[in-house]
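Here's the structure, in structure tokens; my notes come after.
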């Protein structure tokens, strides 16, 4: 079980209006770009609303029995032509910078292939031991068997039997595909969303900056159980990852239990140190 801080920060919450807290540099840039665009969107919206009210009042039929016959206004035409051009340039330049960062991955430290199925995910580590396993949503009556009864850390409809485990601070190259229909691999806290297309291998990447358990979901309508196809990624330090990888080669479920115990022990140690 994770500490409450990182666990709760890595999943959606009731009445959420904005993005989840960023866990990667790319997602931090996405959040900054969103805030930047609001400086344009809000004034434009207010301006349009003000003009609409002004026109409705000033040019209503009762106040203008003889309608205006003005055919053009050069100043206004220049403003409404150049204004949008300047605004679009101000939005396009940082937008393309962000897109370049998203689609220019650095050298990968680890590569994982994620395959979408109806309705679960399969993961294959591109390593010497060729570790692979499926990740399936936990039903309520299965939680106890996996020691995942805590719904704060393991929410309903998001908790899975086997999380994708990656090391913190390492670049993860993610190869995304599907075995049957269209799916989409989406992890909001990482700023990752990549379509999973049968017969095609799409590539994305992420570099998690903080340990924790992060949740996402399939974001492409893929059939009757589309809503029950969560994604869970556990980010741990390099030592724990190496230990987990070695143990998972023999028994994934046992390796996950040992990893959960190690994370819980660390969380308790941090809590005790904070209270001293």
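In this note's numbering, the protein residues as written are 1 to 276.
Glycine included, each C-beta is placed from N, C-alpha and C at the ideal position.
- Measuring CB to CB, does residue 178 end up less than 9 angstroms from residue 190? Reading the chain shown from its first residue, position 178 is the one you call residue 178. Reading the chain shown from its first residue, position 190 is the one you call residue 190. No; because the gap between Cβ atoms is not below 9 angstroms, this pair is not in contact.
- State the start and end residues of the unbroken beta strand (DSSP E) segment that holds residue 134. Position 134 of the chain shown, counted from the first residue, corresponds to residue 134. Where residue 134 is concerned, the enclosing beta strand (DSSP E) stretches over 132 to 135.
- Message: If I measure Cβ to Cβ from residue 19 and keep anything under 6 angstroms in the same chain, skipping five residues before and after, which residues do I get?
- Response: Counting from 1 along the chain shown, the entry for residue 19 is found at position 19. Closer than 6 angstroms at Cβ, skipping near neighbours: 31.
- Message: I need the DSSP call for residue 58, collapsed to helix, strand or coil.
- Response: Against the chain shown, residue 58 aligns to sequence position 58. DSSP places residue 58 in helix when its eight states are reduced to three.
- Tell me whether the beta-carbon of residue 163 lies closer than 9 angstroms to the beta-carbon of residue 213. Position 163 of the chain shown, counting from 1, holds the residue named residue 163. Position 213 of the chain shown, counting from 1, holds the residue named residue 213. In this structure, residue 213 lies closer than 9 angstroms to residue 163 by Cβ.
- Query: For residue 230 versus residue 160, is the C-beta spacing smaller than 9 angstroms?
  - Reply: Counting from 1 along the chain shown, the entry for residue 230 is found at position 230. Counting from 1 along the chain shown, the entry for residue 160 is found at position 160. Yes, the pair counts as a contact, with Cβ atoms nearer than the cut-off.
- When the Cα atoms are used, what is the spatial distance from residue 10 to residue 234? Stepping through the chain shown from its first residue, residue 10 is reached at position 10. Stepping through the chain shown from its first residue, residue 234 is reached at position 234. Rounded to whole angstroms, residue 10 to residue 234 spans 10 angstroms at the Cα level.
- Message: So, with DSSP's three-state summary, where would you put residue 182?
- Response: Taking the chain shown and counting its residues from 1, the one referred to as residue 182 is at position 182. Note: residue 182 maps to coil in three-state DSSP.
- Contained alpha helix (DSSP H) runs [length at least 4] in the stretch 20 to 92, N- to C-terminal order: 25 to 58
- Message: Quick check on residue 16: does DSSP put it in helix, strand or coil?
- Response: Indexing the chain shown from 1 puts residue 16 at position 16. Reduced to three states, the DSSP call for residue 16 is coil.
- Message: Could you tell me which whole beta strand (DSSP E) segments of length 3 or greater appear in the stretch 110 to 198?
- Response: 110 to 117, 120 to 125, 132 to 135, 164 to 167, 172 to 178, 183 to 187 and 192 to 196
- residue 36: which of 116, 65, 98 and 148 sits nearest, CA to CA? What you label residue 36 is simply residue 36 of the chain shown in a count that begins at 1. Of 116, 65, 98 and 148, the residue nearest in Cα terms is 98.
- Would you check if there are 3 or more beta carbon pairs closer than 8 angstroms linking the stretch 91 to 110 to the stretch 164 to 172? yes
- Item | Own chain partners of residue 225 with C-beta closer than 6 angstroms, once the 5 adjacent residues on each side are dropped | One-based indexing of the chain shown puts residue 225 at position 225. So the qualifying residues of the chain are 119.
- Can you have a look at residue 72 and say buried or exposed, based on whether 16 or more other CB atoms are within 10 angstroms of its CB? As a position in the chain shown, residue 72 is number 72, starting the count at 1. Exposed.
- Query: How about residue 42 and residue 87: are their beta carbons less than 9 angstroms apart?
  - Reply: As a first step, residue 42 is located in the chain shown; it is residue number 42 there, counting from the start. As a first step, residue 87 is located in the chain shown; it is residue number 87 there, counting from the start. No, these two residues do not count as a Cβ contact at 9 angstroms.
- Item | residue 256, buried or exposed, once every other Cβ within 10 Å from all chains shown has been counted against 16 | As a first step, residue 256 must be located in the chain shown, where it is residue number 256. Residue 256 comes out buried.
- Query: Beta carbon of residue 116, beta carbon of residue 218: below 9 angstroms?
  - Reply: What you label residue 116 is simply residue 116 of the chain shown in a count that begins at 1. What you label residue 218 is simply residue 218 of the chain shown in a count that begins at 1. Yes; because the gap between Cβ atoms is below 9 angstroms, this pair is in contact.
- Would you identify the three-state DSSP class for residue 208, choosing helix, strand or coil? Along the chain shown, read from residue 1 onward, the residue named residue 208 stands at position 208. It is coil, neither helix nor strand.
- Item | residue 135 versus 145, 143 and 123, residue with shortest Cα-Cα distance | Locating residue 135 in the chain shown gives position 135, counting from the first residue. Checking every option, the nearest Cα to that of residue 135 belongs to 123.
- Is it true that the CB of residue 254 sits closer than 9 angstroms to the CB of residue 240? As a position in the chain shown, residue 240 is number 240, starting the count at 1. As a position in the chain shown, residue 254 is number 254, starting the count at 1. Against a cut-off of 9 angstroms, the Cβ pair of residue 254 and residue 240 comes out as no contact.
- Item | Which listed residue (267, 258, 248 and 265) has its alpha carbon closest to that of residue 128 | Stepping through the chain shown from its first residue, residue 128 is reached at position 128. Nearest of 267, 258, 248 and 265 to residue 128, Cα basis: 248.
- Message: Once DSSP output is grouped into helix, strand and coil, what is the label at residue 234?
- Response: The sequence position of residue 234 within the chain shown is 234, counting from 1. In this structure, residue 234 counts as strand in the three-state DSSP scheme.
- Spatial neighbours of residue 244 in its chain, beta-carbon cut-off 6 angstroms, leaving aside the 5 residues before and after: Counting from 1 along the chain shown, the entry for residue 244 is found at position 244. For residue 244, where only same-chain residues beyond five positions count, the Cβ hits under 6 angstroms are 165, 255 and 259.
- Message: Suppose you measure from the CA of residue 66 to the CA of residue 51; what does that come to, to the nearest Å?
- Response: Reading the chain shown from its first residue, position 66 is the one you call residue 66. Reading the chain shown from its first residue, position 51 is the one you call residue 51. Answer to the nearest angstrom: the Cα atoms are 21 angstroms apart.
- Taking just the CA atoms, how far does residue 222 sit from residue 104? Counted from its first residue, the chain shown places residue 104 at position 104. Counted from its first residue, the chain shown places residue 222 at position 222. Their backbone Cα atoms lie some 29 angstroms apart in a straight line.
- Quick one: Cα of residue 96 to Cα of residue 236, how far? Working through the chain shown from its first residue, we reach residue 96 at position 96. Working through the chain shown from its first residue, we reach residue 236 at position 236. Rounded to the nearest angstrom, the two C-alpha atoms are 32 angstroms apart.
- residue 213 bridges to which residues according to DSSP? In the chain shown, residue 213 corresponds to position 213, counting from 1. According to DSSP, which records beta bridges pairwise, residue 213 is partnered with 234.
- Task: Tell me residue 97's beta-bridge partners as DSSP assigns them.
- Result: Position 97 of the chain shown, counted from the first residue, corresponds to residue 97. None; residue 97 has no bridge partner.
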